[in-house]
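*Asks:* Chains A and B are the protein sequences, given in the same order.
Residues in the first sequence are numbered from -18 upward in steps of one, following this note's numbering.
Residues in the second sequence are numbered from -18 upward in steps of one, following this note's numbering.
Using N, Cα and C, we set each Cβ at its ideal position, and we do this for glycine too.
First the structure, then my questions, so here it is.
There are 2 protein chains.
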Amino acid sequence: MVRAATGEKKTGRTRQTVESRRGQLIALGLAFFGTRAYDVVSIDDIAEAAGISKGLLYHYFPTKRDYYAAVLETAAEDLRLQTVIDPTLTSDVRLRTGLEAYLDFVKARGPAYVALMRGGIGSDPVIAVILDRVRGHFIDTILKDLPPHPRPRALRVLLRGWVGFVEETSLAWLESPPGTISRAQLVATASSVLVSLLGDMLT
Amino acid sequence: MVRAATGEKKTGRTRQTVESRRGQLIALGLAFFGTRAYDVVSIDDIAEAAGISKGLLYHYFPTKRDYYAAVLETAAEDLRLQTVIDPTLTSDVRLRTGLEAYLDFVKARGPAYVALMRGGIGSDPVIAVILDRVRGHFIDTILKDLPPHPRPRALRVLLRGWVGFVEETSLAWLESPPGTISRAQLVATASSVLVSLLGDMLT
DNA sequence: TTCACGATTGAACTCCGGTCAATACGACGG
DNA sequence: CCGTCGTATTGACCGGAGTTCAATCGTGAA
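So this is what it looks like as structure tokens:
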């Protein structure tokens, strides 16, 4: 309609490879879902920001939820990569280094991390599975360091609680005014909690 | 259209008081949002289940999010009421009793509690405030028992972490097969974590 | 240069959140 | 027993958002 008035080229089509387009869309999703709530972000917003048509987004992701899931999965994978620790170190050092890496990741991502991990649509099964996998990965990493001998079933429950402690503590750290608590103190407390937890269990 | 075929009375209008209607809708919301994700639950679903028109729901709640917030608020209030402990008891006993009450509440509500507290729309500011208030209430309750003397600002951050520990642990307890961990062990571990946390801080 | 594959479009469809004027239930006064 | 009045309640309507799909055109290979 008004198209004739604008001086733009008739076809704005810029063909891209599937990976680059997918990457662009996921990156956009990280920005959008990291800022606004799931149901406030519209497919049209994404498409417009990407400079593509709505239909194309559905060429890459079957549904909005799948799109969100893919975005979350990417964030989760980033977190996993960012917290890989040199396996030759002492388990104690690895714990502290891992916690530091985790906190650095949280600090770098800021509110986007909060919105993605906490917000979103937690009660959706697909989403819940992704979040559980992230937490499960950390738990498995910790369990690998433990002697396989006395490993009560209750341990996993408590470790999941510990992960909750670290997550919640990190968010509080992010939101609190600077000087409230130091990164070092967080690391120290978290590892001391874990050690006492393991000590209680494995005796 | 088909209405004539059914033997129902032409007008199904059953006028109710505002409180009873509101209560019915909130109860329905607890069931729906406790089962399905926020954006999967439609206003039409609720209205149909309540036997009313969509418009009436908007007579009570200005928006879907406000409706959800009201439902959440009710659940939060229930939890608060369910965890009121006799203030004449020892602080130590109060802690254990409170934890037991919390776990009983979680067990009674089951997955619905999970969906409401974790799921929902966490990144929505209004919702986040409600959830923060619930956690803040527990933290304040704990803080009331402490001597006001050495109360570092970091304490609140760690207490929030402890609440996260309890929440996550409770969910894992719910989902785990019976016999994995006992309620008593959970209470013991959670209070021992809290005590050691406070011990580290207040020395 | 041609061809064919597939990335890309845009219009159409449906469902859903939200609005609003009209309606009728039921309590109250006469 | 009967208006009549407030308001709980309806139903039709709207714009927007998710989703579908046939048509289109850019691009690498032959």
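#1: If you pair each beta-carbon of the region 84 to 96 of chain B with each one of the region 140 to 156 of chain B, do three or more pairs fall below 8 angstroms?
#2: Residue range of the alpha helix (DSSP H) that residue 82 of chain A falls in?
#3: Cβ closer than 8 angstroms: which chain B residues qualify as neighbours of residue 165 of chain A?
#4: If we count Cβ pairs, one from each stretch, closer than 8 angstroms, do we get three or more for the region 96 to 107 of chain B versus the region 123 to 136 of chain B?
#5: Start and end of the alpha helix (DSSP H) containing residue 106 of chain B?
#6: In or out: residue 114 of chain A buried (at least 16 other Cβ within 10 Å) or exposed?
#7: Quick one: using the 10 Å Cβ neighbour count with 16 as the cut-off for buried, is residue 11 of chain B buried or exposed?
#8: Would you list, in sequence order, the uninterrupted alpha helix (DSSP H) runs of no fewer than 4 residues that lie entirely inside the region 117 to 171 of chain B?
#9: Can you give me the Cβ contacts of residue 200 of chain B inside the same chain, cut-off strictly under 8 angstroms, excluding the 5 residues immediately before and after it?
#10: Going by DSSP in three states, residue 183 of chain A sits in which element: helix, strand or coil?
#11: Determine the direct distance from the alpha carbon of residue 97 of chain A to that of residue 117 of chain B, and round the result to whole angstroms.
#12: Helix, strand or coil for residue 31 of chain B? Go by DSSP, reduced to three states.
#13: Would you be able to state if there are at least three C-beta pairs under 8 angstroms between the region 46 to 58 of chain B and the region 11 to 20 of chain B?
#14: Name the chain A residues whose beta carbon is nearer than 9 angstroms to that of residue 119 of chain B?
#15: Can you give the Cα-Cα distance for residue 178 of chain A and residue 139 of chain A, rounded to whole angstroms?
#16: Is the Cβ-Cβ distance between residue 3 of chain A and residue 41 of chain A less than 8 angstroms?
#17: Around the Cβ of residue -12 of chain B, are there at least 16 other Cβ atoms within 10 angstroms (buried) or fewer (exposed)?
#18: Residue 134 of chain B versus chain A: which residues are under 9 angstroms apart at the beta carbon?
#19: In chain A, which residues lie with their C-beta within 8 angstroms of the C-beta of residue 178 of chain B?
#20: Taking 8 angstroms as the CB-CB cut-off, is residue 142 of chain B touching chain A?
#21: Could one say the Cβ of residue 81 of chain B lies closer than 8 angstroms to chain A's Cβ atoms, at least one of them?
#22: Are any of the Cβ atoms in chain B nearer than 8 angstroms to that of residue 47 of chain A?
#23: Using a Cβ-Cβ cut-off of less than 7 angstroms, give me the residues of the region 48 to 78 of chain B that come near chain A, in sequence order.
#24: Could you pull out every residue in the same chain whose Cβ sits closer than 8 angstroms to the Cβ of residue 86 of chain B, ignoring the five residues on either side in sequence?
#25: Thinking just about the alpha-carbon of each residue, which of A/48, A/181, A/17, A/111 is nearest to the one in residue 7 of chain A?
#26: Going by CA-CA distance only, name the one from B/0, B/88, B/66, B/148 that's closest to residue 122 of chain B.
#27: Please report how far the alpha carbon of residue 120 of chain A lies from the alpha carbon of residue 23 of chain A, in whole angstroms.
#28: Are residue 149 of chain A and residue 142 of chain B touching if we call contact CB-CB under 8 angstroms?
#29: Once the 5 residues before and after residue 46 of chain A are set aside, which same chain residues still bring their CB inside 7 angstroms of it?
#30: For residue 139 of chain B and chain A, any beta-carbon pair shorter than 8 angstroms?
#31: Could one say the Cβ of residue 24 of chain B lies closer than 8 angstroms to chain A's Cβ atoms, at least one of them?
#32: Hey, residue 181 of chain B and residue 20 of chain A are a contact pair by Cβ (cut 8 angstroms); roughly how many whole angstroms apart?
*Replies:* This is what the structure holds:
#1: Yes, they touch.
#2: 72 to 90 is the span of the alpha helix (DSSP H), which, as asked, contains residue 82 of chain A.
#3: Per Cβ cutoff of 8 angstroms: no residues; residue 165 of chain A is ~11 angstroms from chain B at best.
#4: They do not touch, by the three-pair rule.
#5: Taken as a continuous stretch (DSSP letters only), the alpha helix (DSSP H) holding residue 106 of chain B covers 106 to 125.
#6: By the Cβ-count criterion, residue 114 of chain A is exposed, with fewer than 16 other Cβ atoms from all chains shown falling within 10 Å of its own Cβ.
#7: By the C-beta density criterion, residue 11 of chain B is buried, having at least 16 other C-beta atoms within 10 angstroms.
#8: Annotation: the region 117 to 171 of chain B contains the following complete segments of the alpha helix (DSSP H) (minimum length 4 residues), in chain order: 135 to 156.
#9: Residue 200 of chain B lies beyond the stretch modelled for chain B, which goes from -18 to 184, so this question has no answer here.
#10: Correct three-state label for residue 183 of chain A: coil.
#11: Spanning the two alpha carbons is a distance of roughly 22 angstroms.
#12: In this structure, residue 31 of chain B counts as helix in the three-state DSSP scheme.
#13: Taking 8 angstroms as the limit for Cβ pairs, the verdict is that the region 46 to 58 of chain B does touch the region 11 to 20 of chain B.
#14: Here the premise fails: no neighbours, minimum Cβ distance about 12 angstroms.
#15: Rounded to whole angstroms, residue 178 of chain A to residue 139 of chain A spans 8 angstroms at the Cα level.
#16: Inclusion of residue 3 of chain A and residue 41 of chain A in the CB contact set at 8 angstroms is warranted, their separation being smaller than that value.
#17: With a pLDDT of only 31 at residue -12 of chain B, under the threshold of 50, the placement of this residue in the model should not be trusted; the figure read from the coordinates follows. Flag for residue -12 of chain B reads exposed.
#18: Chain-order list of chain A residues neighbouring residue 134 of chain B: 157, 158, 160, 161, 162, by C-beta distance under 9 angstroms.
#19: Close partners of residue 178 of chain B in chain A (Cβ separation under 8 angstroms): 170, 174.
#20: It does; some Cβ of chain A falls within 8 angstroms.
#21: So no, residue 81 of chain B is outside the interface.
#22: Judged by the 8 angstroms Cβ criterion, residue 47 of chain A is not in contact with chain B.
#23: Answer in chain order: no residues at all.
#24: When the five nearest sequence neighbours on each side are left out, the beta carbons in the same chain lying within less than 8 angstroms of the beta carbon of residue 86 of chain B are those of 59, 60, 63, 64, 94, in order along the chain.
#25: Among A/48, A/181, A/17, A/111, the Cα nearest to that of residue 7 of chain A is on A/48.
#26: The candidate whose alpha carbon is nearest that of residue 122 of chain B is B/66.
#27: Their backbone Cα atoms lie some 35 angstroms apart in a straight line.
#28: Yes, the pair counts as a contact, with Cβ atoms nearer than the cut-off.
#29: 105, 107.
#30: For residue 139 of chain B, the nearest beta carbon of chain A is closer than 8 angstroms to its own beta carbon.
#31: So no, residue 24 of chain B is outside the interface.
#32: Contact flag wrong, Cβ pair sits at about 42 angstroms.
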